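Numbering (this note's numbering), first residue to last: 826 to 1019.
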């Protein structure tokens, strides 16, 4: 049984409409990027440009995406290691392409996590007021989600069609990703210094 406060919070989250974008955060593309059998994601940094890179681990291999454009820039269909198993205490996988020679921490089906806050106060939270479906909330008020949706917090993603794997920011705070078992969705904040 839910307390009165819990019921009010649940009702607030259920009533918040999903919105495609908001002031500072812009979607990288007009649609989600399909990734069949997605298991997890992790961020790295392009050593040449300093841009955020997203490593995607799926049941059919690994891929690296330029997070600012959403384009795949490297792919390994059959990594030497089992592609479905990030390993070690930090759940990492060996990088490829521009991340070759580095280990990338992966968040997703096997655990782990991405950054839930940025240095300038943005927060991403996952709530499930209609379990098993997840909603991803983005807030500018430290994650308190006070007041009506659309003022200081926004319902930016509703995972009602696939299982949520991970949601969070890159270490730079310039990129936000939501990964499900079937796709990735990216947002960026243009104009932030690298």
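Note that CB positions come from ideal geometry on N, CA and C, so glycine has one too.
This one's a predicted model, so the numbers in the text were calculated from it and none came from an experiment.
Judging by CA-CA distance, which residue of the options is the nearest neighbour of residue i?
{"i": "residue 856", "options": "941, 1007 and 832", "result": "1007"}
{"i": "residue 924", "options": "888, 883 and 865", "result": "888"}
{"i": "residue 1003", "options": "834, 969, 835 and 938", "result": "938"}
{"i": "residue 949", "options": "834, 850 and 870", "result": "850"}
{"i": "residue 895", "options": "880, 884, 886 and 885", "result": "880"}
{"i": "residue 786", "options": "884, 853 and 885", "result": "Since the first residue of the chain shown is 826 and the last is 1019, residue 786 is not available in this structure."}
{"i": "residue 977", "options": "965, 915, 864 and 913", "result": "965"}
{"i": "residue 986", "options": "885, 897, 1005 and 869", "result": "1005"}
{"i": "residue 933", "options": "884, 1014, 972 and 836", "result": "884"}
{"i": "residue 864", "options": "837, 912, 1001 and 951", "result": "912"}
{"i": "residue 837", "options": "886, 943, 972 and 951", "result": "972"}
Please report the distance separating the alpha-carbon of residue i from that of residue j.
{"i": "residue 967", "j": "residue 827", "result": "24 angstroms"}
{"i": "residue 844", "j": "residue 831", "result": "24 angstroms"}
{"i": "residue 999", "j": "residue 990", "result": "20 angstroms"}
{"i": "residue 867", "j": "residue 947", "result": "19 angstroms"}
{"i": "residue 833", "j": "residue 840", "result": "11 angstroms"}
{"i": "residue 862", "j": "residue 936", "result": "16 angstroms"}
{"i": "residue 892", "j": "residue 970", "result": "27 angstroms"}
{"i": "residue 859", "j": "residue 961", "result": "18 angstroms"}
{"i": "residue 842", "j": "residue 974", "result": "8 angstroms"}
{"i": "residue 992", "j": "residue 874", "result": "24 angstroms"}
{"i": "residue 940", "j": "residue 897", "result": "22 angstroms"}
{"i": "residue 1021", "j": "residue 997", "result": "Nothing about residue 1021 can be read from this structure; the chain reaches only from 826 to 1019."}
{"i": "residue 876", "j": "residue 829", "result": "45 angstroms"}
{"i": "residue 951", "j": "residue 1014", "result": "20 angstroms"}
{"i": "residue 908", "j": "residue 835", "result": "Note that residue 908 scores a pLDDT of 49, beneath 50, so its modelled location is shaky; the value from the coordinates is reported in the next line. Approximately 37 angstroms between the Cα atoms of the pair."}
{"i": "residue 886", "j": "residue 963", "result": "30 angstroms"}
{"i": "residue 988", "j": "residue 943", "result": "25 angstroms"}
{"i": "residue 870", "j": "residue 890", "result": "11 angstroms"}
{"i": "residue 995", "j": "residue 872", "result": "15 angstroms"}
{"i": "residue 882", "j": "residue 914", "result": "17 angstroms"}
For the alpha helix (DSSP H) that contains residue i, what are its first and last residues?
{"i": "residue 840", "result": "829-840"}
Less than 7 angstroms separating the Cβ of residue i from some heavy atom of the ligand MG?
{"i": "residue 965", "result": "Absence of the ligand MG from the depicted structure is noted, as is the absence of any ligand whatsoever, leaving it without description."}
* Asked: Which runs of the beta strand (DSSP E), 3 residues or longer, sit entirely within the segment 866-923?
  -> Note on the segment 866-923: whole beta strand (DSSP E) runs with a minimum of 3 residues are 877-883, 886-891, 896-901 and 917-919, in chain order.
* Is it true that the segment 885-904 meets the segment 948-968, where meeting means three or more beta-carbon pairs spaced less than 8 angstroms apart? -> no
* To do: Check whether the segment 913-921 touches the segment 929-936, counting contact only when three or more Cβ pairs, one atom from each stretch, lie closer than 8 angstroms.
  => yes
* Which whole runs of the beta strand (DSSP E) in the segment 931-1009 are 3 residues long or more, in chain order? -> 948-955, 958-964, 978-984, 989-994 and 1000-1005
* **contact_flag[the segment 977-986, the segment 996-1010] where n(CB pairs < 8 angstroms) is 3 or more** => yes
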